[in-house]
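Below is one structure, written out as structure tokens; comments come after it.
Chains as they are written, first to last, in this note's numbering: chain Z, 572 to 705; chain B, 572 to 705; chain G, 572 to 705; chain L, 572 to 705.
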């Protein structure tokens, strides 16, 4: 199962080298994963990260970004997200970034499942797993 | 040789989970490395990344961020930077982030040396190497 | 003539109050204006702000943001842009932000036309004026 | 009573025009005001915006940014904050930005006092008023 999220690069995200400043790629990947989750969960599922009323939540434990080439203003970036690994309390998502089909970057995110309103690890909920596995 | 850079977490950098949003840690590390460079280079050295008149430049090829715990508004973060590896056209810098001496995160950045005004790799300049090796 | 630009709020743009951090609204308005320009200019027009080869450029002189209510993660914001004023070397653009038709914020931006590659004011180019007036 | 807050411009905050991207000036002013508040409040005062346990909170209602000149990487910006107006449920703060004593920008922020954990306006607390009036 793969989820494609599309982002247009904003002018203000590009630095003096004329390419997207490195930190924004993590924001792109985070946005892609958040949209995936919103679209995969059944209507009525109670989930907004950081909301104490959410039924689950998770935090990033590790992020690995590798660039093949920079992206810049005018580029439309496709991020193809997929599950790389399911663990007991953690899981990995890969987001591969392309522009017009050409490789630009890849982000591997390791998430830890936490109890909502806390930063305490807990087992990955079954419904989250099934929602993202399809 | 180690360079310590200090950053106060800004309110607007914290998200709804009450901790610094993940992308900002790359901005912190980038800022630490930029400051290290400015402080290590001899006065009069011509270097501003993205400035065509610079005598050298570099781009990030890979970034690995690992979190031990989140940071939040009110935290004063120390980033201790050091060279992890010198290659021919690339080098790695580690930035270890602590708050009051307690581990919070670590960023490993792989940089590629490029000809100023281009994104073309070139040999790491000797004076950059000696400036950061001390 | 009005240009509508749509932005989905990103999770990382929301702060601990649960709403979009104030600075990001300027980024939204900037993005809306940049997209308007790209869509309004004839194909082949040479324009990327900050690119020395551009045939015109402009900088923000003044920005006034007024909020009716906050926006948050999950909101899809429509920004309706229109020209408020044409001057000799400057012009004003209004970007009105709504979510599902309800008022959220308004940004009034005063731009100064500058010679590309400089920060020197110059007369607003006729083709820019006609492109945005329709 | 005036509060001076100092910010070093970060490389990643500068865009392709070689100056700080406009949205970041609001982030600078927000940071200056937040630091002023933290320094002015008596030790033990319970205040973190967005924290439900805070004894007061406030939101930005209007922001006016006027630029005299751009700032760039390498600049150290001083923001001099002062109260411009006290109302019943709102107040204005001015943050004047200079670099080496030269004017760069000014931000006028209109804040509305709200009950913590809500976005409901309330009377400006007396202790906040006295803390910022000195």
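Cβ coordinates follow ideal geometry from the N, Cα and C atoms, glycine included.
Determine, using beta carbons only, whether residue i comes closer than 8 Å to chain Z.
i	result
residue 637 of chain B	yes
residue 583 of chain L	yes
residue 620 of chain G	yes
residue 593 of chain B	yes
residue 589 of chain L	yes
Taking buried to mean at least 16 other C-beta atoms within 10 Å of its own C-beta, is residue i buried or exposed?
i	result
residue 645 of chain G	exposed
residue 607 of chain L	buried
residue 613 of chain B	exposed
residue 675 of chain B	buried
residue 621 of chain B	buried
residue 671 of chain Z	exposed
residue 658 of chain L	exposed
residue 639 of chain Z	exposed
residue 598 of chain L	buried
Cutting at 7 Å between CB atoms, please list the residues of its own chain near residue i, excluding the five before and the five after it.
i	result
residue 584 of chain G	591, 592 and 595
residue 526 of chain Z	Because chain Z here runs from 572 to 705, residue 526 of chain Z falls outside it and cannot be looked at.
residue 705 of chain B	572
residue 692 of chain Z	660, 683, 684 and 685
residue 641 of chain Z	590 and 591
residue 609 of chain B	none
residue 662 of chain G	654, 656, 682 and 695
residue 619 of chain L	625
residue 699 of chain L	627
residue 643 of chain L	580, 585, 589, 590 and 591
Return the Cβ separation of residue i and residue j in integer angstroms, given the expectation that the two are a contact with Cβ distance under 8 Å.
i	j	result
residue 637 of chain L	residue 633 of chain G	5 Å
residue 582 of chain G	residue 605 of chain Z	5 Å
Let me know the secondary structure DSSP gives residue i once reduced to three states.
i	result
residue 594 of chain Z	helix
residue 701 of chain G	helix
residue 709 of chain B	One cannot answer for residue 709 of chain B here, as it falls past the ends of chain B, which runs 572 to 705.
residue 612 of chain G	coil
residue 574 of chain G	strand
residue 583 of chain G	helix
residue 649 of chain B	strand
residue 678 of chain L	strand
residue 695 of chain B	coil
residue 624 of chain G	coil
residue 673 of chain G	strand
residue 619 of chain B	coil
residue 603 of chain Z	helix
residue 668 of chain L	strand
residue 642 of chain L	coil
Any beta carbon of chain G sitting closer than 8 Å to that of residue i?
i	result
residue 597 of chain L	yes
residue 688 of chain B	no
residue 634 of chain Z	no
Please return the same chain residues whose Cβ sits closer than 6 Å to the Cβ of residue i, not counting the five positions on each side in sequence.
i	result
residue 666 of chain G	600, 603, 650, 652 and 678
residue 576 of chain G	603, 606 and 650
residue 635 of chain B	679
residue 630 of chain Z	683 and 685
Can you confirm whether residue i, when its beta carbon is compared against all beta carbons of chain L, has any partner nearer than 8 Å?
i	result
residue 676 of chain Z	no
residue 645 of chain Z	no
residue 586 of chain Z	yes
residue 641 of chain G	yes
I'd like to know whether the C-beta of residue i is nearer than 8 Å to at least one C-beta of chain B.
i	result
residue 628 of chain G	no
residue 601 of chain L	yes
residue 605 of chain L	yes
residue 631 of chain Z	yes
Can you find the residues in the same chain that come closer than 8 Å, C-beta to C-beta, to residue i, ignoring five residues on each side of it along the sequence?
i	result
residue 687 of chain Z	622, 623, 624, 625, 626, 627 and 628
residue 611 of chain Z	574, 702, 703 and 705
residue 690 of chain G	630
Got a sec: is the Cβ-Cβ distance from residue i to anything in chain D below 8 Å?
i	result
residue 650 of chain G	Protein chains in the displayed structure are Z, B, G and L, and chain D is not among them.
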